[in-house]
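What follows is a single structure, written as structure tokens, with notes after it.
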Amino acid sequence: MIVRGAFLALAAIVVAGCDALPRDPEHTLANIEARGTIRVGAQDLPPEAMNLLHGLETATGASVVVSDGATEPMLRRLDAGELDLVIAPFVKDTPSMTLAALSPAIRSEGNPDDPIEWRAAMRGGENRWIMLVEHQARQVASEAGTR
Amino acid sequence: MTDLPMTHAESLPPDLRETLRRAERLEYWNIFWTVTIIAVMGVVMGQSQTMKTAWIEDTLGLVPPIAFLVAARMERTGRRSRKFPFGFERVNGLGFFLAAVALAATGALLLIDSAMTLISAEHATVGSVHLFGHDIWLGWLMIGAQVYAMIPPMIIGRKELPLAEELADKLLHTDALMNKANWMTGAAGIAGIIGLGLGWWWADSLAAAFISFDILNDGIKAIRSSTAELVDGAPRALSGPEIAQDAKALHNLLEQRFPGATIRLRETGRLIRAEIHGCHPPEGPIDLADHWPGEDQRLWRLAEISFVPSKDGRHPSDGHDHRS
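Have a look at this one:
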């Protein structure tokens, strides 16, 4: 009886929550929409990164505000919630994966066996925002033929 | 001497040997389904602490059935020899001990890991995957995997319990409990992933800590029971470290039959052995059935009654209470 009840409850959550989940623990996406700006840390952005930012602007209705800086300090600011996104080149299996959530690659450069990949980094755990960026990154990558 | 059974299984009644074979078949199915669960969970695990904990618990769930199958095979085929004059009836107890240690150690490690994640307030990232032209939140796949992981343990665990009772097999019973723990883990895991999806970053680690604590608790109980057998403690109940009911009844009956003697019972695998100290054996051959207080079909549990008279033939007044 308890098991059947649990399954029914789960089915109800799945039906009701398909679009509602996931949410951001620190409300990154909600804050972007409320503020009307996406705070991006980046340097010398390639065209694919510009396409990604345009896609995010369209999806959120917010405008991009770019801050310049080196990657490591920007990742720190991202973790502190001072930035919403960092776009930078990363090596494969970069140690930065432990500092932030990384999107699929939007552009690859250099040696194909050990490429430098441009990715968007998001604050860890902000799963709704991460999902949105991943979706946009996949679209950009597919248009650019990266993946 | 040549009439003595050469393997432990040969000394068991035919019905029980058939039950042992049924239990072995069930354990092969258990291993098959567990491997499929490990594969499915591994594919969707991601960075979730709950999923990691549940996956390790599922992987660890292979230890009891493998230990049972090894022990059962040795019971069936391991012949008594000069090097192993008592055969391999205690292999089951050894397997039980190994499974218990593995269970407790993993529970402790996972509990520490979950607690550290909780204390450091790590926010688990669960992103999306692109499947069939759609971006799907990985959490939904994790929930699907957890639901799948709940079904086989629920069915197999229920089937194992009566077999474990019939065989007086603590290893099989531990496996049945572990299967129960596994599907409860699935339920806790689903709650953790949904909590994570709702933005409660702590839900994932908290569910993992809850699961780990349950594993550790099961492991400690199993260690207490298994070490009791290995150090010749009195026979323990299937489901806990207290003394088994049939052993208590046997102890009482032997005390009445041999007043003043010290009764010592121990368990070797699924069998009970009784030693009566400070008393000569009665005249003529001993029929174990005369001294078994339980049902006839459980008589196989009593493997041996031996007598240890004191030097002067009377009850030894060593001042110790040998009753368990």
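Here the protein sequences line up with chains A and B, keeping their order.
FYI, in the numbering used here the residues of the first sequence are 5 to 151.
FYI, in the numbering used here the residues of the second sequence are 15 to 338.
Cβ coordinates follow ideal geometry from the N, Cα and C atoms, glycine included.
Cutting at 7 Å between CB atoms, please list the residues of its own chain near residue i, excluding the five before and the five after it.
| i | result |
| --- | --- |
| W314(B) | L26, P27, L30 |
| R81(A) | G45, L87 |
| A178(B) | L186, H187, A190, L252 |
| I36(A) | I42, T64, A66, D88 |
| I134(A) | A105, M126 |
| G85(A) | E30, R127 |
| A129(B) | A223 |
| T131(B) | Q63, S219 |
Taking the alpha-carbon positions, what's the residue i to residue j distance?
| i | j | result |
| --- | --- | --- |
| R36(B) | M164(B) | 23 Å |
| R151(A) | A145(A) | Any reading at R151(A) must be qualified, since the residue scores a pLDDT of 47, below 50, and its modelled position is unreliable; the value itself is stated next. When rounded, the distance between both Cα atoms is 6 Å. |
| G209(B) | T67(B) | 16 Å |
| I277(B) | P307(B) | 15 Å |
| Q270(B) | I80(B) | 42 Å |
| F46(B) | I237(B) | 26 Å |
| S95(B) | L285(B) | 20 Å |
| N106(B) | E76(A) | 56 Å |
| H305(B) | L264(B) | 7 Å |
| A288(B) | K235(B) | 25 Å |
| P167(B) | V143(B) | 28 Å |
| G141(B) | D28(A) | 11 Å |
| I157(B) | R172(B) | 23 Å |
| M54(A) | G203(B) | 39 Å |
| I150(B) | V58(B) | 12 Å |
| L103(A) | L117(B) | 32 Å |
| P119(A) | A141(A) | 18 Å |
| G274(B) | S324(B) | 12 Å |
| L56(A) | V68(A) | 11 Å |
| E309(B) | C293(B) | 27 Å |
| A23(B) | E89(B) | 5 Å |
| M65(B) | K262(B) | 43 Å |
| R250(B) | A24(A) | 51 Å |
| G298(B) | F98(B) | 29 Å |
| T282(B) | I51(B) | 34 Å |
| A148(A) | H148(B) | 19 Å |
| P51(A) | R111(A) | 9 Å |
Give me the chain B residues within the contact set of residue i, using Cβ-Cβ distance strictly less than 8 Å, ordered along the chain.
| i | result |
| --- | --- |
| A105(A) | T139, G141 |
| R142(A) | H144, D149 |
| E138(A) | G141, S142, D149 |
Leaving out five residues on either side along the sequence, give the residues of the same chain with a beta carbon under 6 Å from the beta carbon of residue i.
| i | result |
| --- | --- |
| R123(A) | F94, L106, S107, A109 |
| E70(A) | The sequence as given places Val at residue 70(A); Glu does not occur at that position. Result list for V70(A): V44, A46, in chain order. |
| P295(B) | F321 |
| A85(B) | V105, N106, G109 |
| M78(A) | G45, V90 |
Residue i versus chain A: which residues are under 7 Å apart at the beta carbon?
| i | result |
| --- | --- |
| W215(B) | P29, G129 |
| G209(B) | Here the premise fails: no neighbours, minimum Cβ distance about 10 Å. |
Check each candidate in the options and name the one with the smallest Cα separation from residue i.
| i | options | result |
| --- | --- | --- |
| V77(B) | A68(B), L132(B), V115(B), Q63(B) | V115(B) |
| P26(A) | H139(A), E130(A), E138(A), R142(A) | E130(A) |
| E136(B) | A242(B), Q63(B), H144(B) | Q63(B) |
| G61(A) | P77(A), T75(A), R43(A), D48(A) | Per the sequence shown, residue 61(A) should be read as Glu rather than Gly. E61(A) has its Cα closest to that of R43(A), out of P77(A), T75(A), R43(A), D48(A). |
| G213(B) | R90(B), A85(B), G153(B) | G153(B) |
| L49(A) | A92(A), H139(A), I134(A), A104(A) | A92(A) |
| Q311(B) | G56(B), Q61(B), A182(B), F102(B) | A182(B) |
| A222(B) | V57(B), W69(B), W43(B), V58(B) | W69(B) |
| M20(B) | F100(B), S240(B), I170(B) | F100(B) |
| T91(B) | F102(B), F82(B), K97(B) | F102(B) |
| A303(B) | L267(B), K194(B), T282(B) | L267(B) |
| Q61(B) | K262(B), W215(B), I133(B), A248(B) | W215(B) |
| S134(B) | L220(B), E256(B), L34(B), V49(B) | L220(B) |
| R39(B) | L83(B), T50(B), G56(B) | L83(B) |
| L34(B) | I169(B), L132(B), E180(B) | E180(B) |
| G114(A) | M101(A), K96(A), G128(A) | K96(A) |
| L279(B) | Q259(B), T139(B), E41(B) | Q259(B) |
| I207(B) | T139(B), D246(B), L74(B) | T139(B) |
At a CB-CB cut-off below 8 Å, which residues of chain A make contact with residue i?
| i | result |
| --- | --- |
| W151(B) | L25, P26, N131, M135 |
| G206(B) | What G206(B) touches in chain A: nothing, since even the nearest Cβ is about 13 Å away. |
Here's a check: name, in chain order, each residue in its chain whose Cβ is nearer than 8 Å to the Cβ of residue i, leaving out the five neighbours to either side.
| i | result |
| --- | --- |
| L136(A) | L33, L60, A63, T64 |
| V54(B) | A159, Y162, A163 |
| I300(B) | I319 |
| E71(B) | T120, L124, A195, N196, T199, I225, I229 |
| F227(B) | G121, L125 |
Quick one: which chain A residues come within Cβ less than 9 Å of residue i?
| i | result |
| --- | --- |
| G203(B) | Within 9 Å Cβ-Cβ: nothing; G203(B) doesn't reach chain A, min ~12 Å. |
| L155(B) | Within chain A, no residue comes near L155(B); the closest Cβ sits about 12 Å away, beyond 9 Å. |
Given that residue i touches chain D, what residues does it touch there, using C-beta distances under 7 Å?
| i | result |
| --- | --- |
| L74(B) | Structure shown: chain D not included; protein chains present are A and B. |
Under the criterion of a Cβ to heavy atom distance below 7 Å, does residue i qualify as lining the ligand PLP?
| i | result |
| --- | --- |
| P176(B) | With respect to small molecules bound, the structure shown includes none, and the ligand PLP cannot be examined in it. |
If we require 3 or more residues per run, which beta strand (DSSP E) segments fall completely within the stretch 28–88 of chain A? Runs found: 41–46, 67–71.
Length-filtered (4 minimum) alpha helix (DSSP H) runs lying within the stretch 141–229 of chain B: Listed in chain order, they are 152–181, 184–211.
Give the list of continuous beta strand (DSSP E) stretches no shorter than 3 residues that lie fully inside the stretch 251–290 of chain B. Whole beta strand (DSSP E) segments, 3+ residues: 276–282.
Quick check for students: name the residue ranges of the alpha helix (DSSP H) that lie wholly in the stretch 45–77 of chain B, counting only runs of 4 or more. List check, alpha helix (DSSP H) in window: 63–74.
Please give the ranges of any beta strand (DSSP E) in the stretch 103–137 of chain A, keeping only runs that are unbroken, at least 3 residues long and fully inside the region. List check, beta strand (DSSP E) in window: 111–113, 120–126.
Every unbroken alpha helix (DSSP H) within the stretch 105–145 of chain B, with a cutoff of 4 residues, ordered by chain: Counting only unbroken stretches of 4 or more residues, the alpha helix (DSSP H) elements lying wholly within the stretch 105–145 of chain B are 105–133, in sequence order.
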